[in-house]
Amino acid sequence: MKSKNIFYLFLIQFLFAHSLLAQLFIGGSLGVNALKIVDVGGETREIIIFENENTYLHNVSPTIGINSKYIFKKNLVCNFIASYTKKNIKAYEMGFIPIKGFIFDYLQFALAAGYKIQNFEFIGGFEFNRLMNIDKVHYYEYKFIDDISEYGAIVRLSYNYKKFNLGFSYHQGMRFSNKYVQKELFRPLNSMGIDLGYSFKMPDLKINFKKKSPDCPSF
Numbered sequence: 203m204k205s206k207n208i209f210y211l212f213l214i215q216f217l218f219a220h221s222l223l224a225q226l227f228i229g230g231s232l233g234v235n236a237l238k239i240v241d242v243g244g245e246t247r248e249i250i251i252f253e254n255e256n257t258y259l260h261n262v263s264p265t266i267g268i269n270s271k272y273i274f275k276k277n278l279v280c281n282f283i284a285s286y287t288k289k290n291i292k293a294y295e296m297g298f299i300p301i302k303g304f305i306f307d308y309l310q311f312a313l314a315a316g317y318k319i320q321n322f323e324f325i326g327g328f329e330f331n332r333l334m335n336i337d338k339v340h341y342y343e344y345k346f347i348d349d350i351s352e353y354g355a356i357v358r359l360s361y362n363y364k365k366f367n368l369g370f371s372y373h374q375g376m377r378f379s380n381k382y383v384q385k386e387l388f389r390p391l392n393s394m395g396i397d398l399g400y401s402f403k404m405p406d407l408k409i410n411f412k413k414k415s416p417d418c419p420s421f
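Counting from 203, one number per residue, gives the positions in the sequence shown under my numbering.
Put into C-alpha cells, the structure is as follows:
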C-alpha cells in the first residue's frame, strides 16, 4: 500500500462518517516516541544491536502528528492517526567496516476504533508504517537499505479536556514488507508514545439526496 492509498482511505472514511451523521474532530499533536529495536540474533546477523543500549529510554525522539476522530451515537469512536519522527539507532556492523549506527524517518499511520466513556477514550486497531531514508552512520551518512513498510497494531488510551487531548499509545510491529530485513537485520519495531493534541470540531456536512422537483410554470 502506498502513501496515496492512505489518503484515499482517509477521504472515504470522512465521507462515510458524515453520511452517518457522526461528529468529526480534526487536530494536531506534539509528543515523544520511545522505540524498542532488536536484532535478529545469531552469529550470521549483519547488524548487532546490544539490548542494554536499545531500551525504550535509549531511543526517545520528538513526534508531530495529526488525528481525525469521529464520534458516533452510543459513544463509538473511530480514529485515523498519523505521526512522524526521526530515529537514530546505535548499532554495530559485522565485519571490518565499523559503523556508529543507522538513522531513518519513521511514519506511522493507524486506523482504530473503540469506545468513549465521559472524557476517556480507549481504542485499538491496525497500523501501516514506513521506514524511509534509512542510512548507515559512519563519519558520514550513506545508504543502508531501501524504504520498507511495516504492519502492526496499536492500542491507545486518551483523556479529553475541552479541545485538548492527552494520549498514551503502544505500537506493536508484526512484520516487514521486506523479508530480508526481518530475517537478516532486525525485527519489527515496538514503541510507546505520549502526545498532547488540540482538536477542532468540524461543521456537519449536509448532503441532500432528494431530487428537487422542477417548479411548475404559472399561467
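Ideal placement from N, C-alpha and C gives every residue a C-beta, glycine not left out.
Sub-9 Å separation of D397 and S270 beta-carbons:
In the sequence shown, counting from the first residue as 1, residue 397 sits at position 195. In the sequence shown, counting from the first residue as 1, residue 270 sits at position 68. Going by C-beta atoms, D397 is not nearer than 9 Å to S270.
Should L278 go down as buried or exposed, given a rule of 16 or more other Cβ atoms within 10 Å for buried?
Counting from 1 along the sequence shown, the entry for residue 278 is found at position 76. Its Cβ having fewer than 16 others within 10 Å, L278 is exposed.
Could you give the first and the last residue of the continuous beta strand (DSSP E) run that contains H260?
Translated into positions along the sequence shown, residue 260 becomes position 58. Per DSSP, H260 belongs to no beta strand (DSSP E) and is neither H nor E.
Using a 10 Å radius around the Cβ and a threshold of 16 neighbouring Cβ atoms, would you call Y361 buried or exposed?
Taking the first residue of the sequence shown as position 1, residue 361 is located at position 159. Counting the other CB atoms within 10 Å of its CB gives Y361 a total below 16, which places it among the exposed residues.
DSSP has D307 in a bridge; who is on the other side?
For the purposes of this step, residue 307 is taken as the residue at position 105 of the sequence shown. Per DSSP, K288, M334.
Helix, strand or coil, according to DSSP, for L387 in the structure here?
Mapped onto the sequence shown, residue 387 falls at position 185. Reduced to three states, the DSSP call for L387 is helix.
Looking at the structure shown, is K364 part of a helix, part of a strand, or coil, going by DSSP?
Position 162 of the sequence shown, counting from 1, holds the residue named residue 364. Three-state result, K364: coil.
Can you tell me the Cα-Cα spacing of A312 and E329, whole angstroms?
In the sequence shown, counting from the first residue as 1, residue 312 sits at position 110. In the sequence shown, counting from the first residue as 1, residue 329 sits at position 127. If I take the Cα positions, the gap works out to 4 Å.
I'd like to know whether the C-beta atoms of F370 and G395 end up nearer to each other than 9 Å.
Translated into the one-based positions of the sequence shown, residue 370 becomes position 168. Translated into the one-based positions of the sequence shown, residue 395 becomes position 193. Yes, the pair counts as a contact, with Cβ atoms nearer than the cut-off.
Reducing DSSP to helix, strand and coil, say where N392 ends up.
Position 190 of the sequence shown, counted from the first residue, corresponds to residue 392. N392: strand per DSSP, three-state reduction.
Considering I228, what are the terminal residues of the beta strand (DSSP E) in which it resides?
Numbered from its first residue, the sequence shown carries residue 228 at position 26. I228 -> beta strand (DSSP E) spans 225 to 238.
Answer yes if the segment 242 to 254 comes into contact with the segment 371 to 380, meaning at least three C-beta pairs across the two stretches below 8 Å, and no otherwise.
no
Whole-angstrom C-beta distance between Y308 and N290, which should lie under 8 Å:
What you label residue 290 is simply residue 88 of the sequence shown in a count that begins at 1. What you label residue 308 is simply residue 106 of the sequence shown in a count that begins at 1. Contact check for N290 and Y308: beta-carbon distance about 11 Å, past the 8 Å limit, so the pair fails to qualify.
Would you identify the three-state DSSP class for P405, choosing helix, strand or coil?
Here residue 405 refers to the residue found at position 203 when the sequence shown is read from its first residue. Coil at P405, not helix or strand.
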